[in-house]
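Undergrad: In the working numbering, the protein residues as written are 6 to 83.
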């Protein structure tokens, strides 16, 4: 059971993949998506997203995203 003093988890998924075109978010190969992981808060997800994005800066079609899973699981909570 979580204590009131503990920070509430706000889960975030970080993933990426190569886009088919730069004009749309359509992945070239769904089989090769890079599912980086699920993180307990935006700050840790953002740090990993930034590192992964910087590692692929030479590939204009490679994109990484942060999905706010907590918004999908509980839409009432912002």
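We treat Cβ as the ideally placed atom computed from N, Cα and C, and that holds for glycine.
Taking the beta strand (DSSP E) that residue 23 falls in, what are its first and last residues?
TA: Run containing residue 23: 17–23, per the beta strand (DSSP E) assignment.
Undergrad: Spatial neighbours of residue 60 within its chain, please: C-beta separation below 6 Å, excluding the five flanking residues on both sides.
TA: none
Undergrad: Give me the residue from 64, 71 and 22 with the minimum Cα distance to residue 44.
TA: 71
Undergrad: Is residue 46 near residue 20, with beta carbons less than 9 Å apart?
TA: no
Undergrad: Can you name the start and end residues of the alpha helix (DSSP H) that residue 76 belongs to?
TA: 74–78
Undergrad: Who pairs with residue 63 in a beta bridge, going by DSSP?
TA: Answer by DSSP bridge pairing: none, since residue 63 is not bridged.
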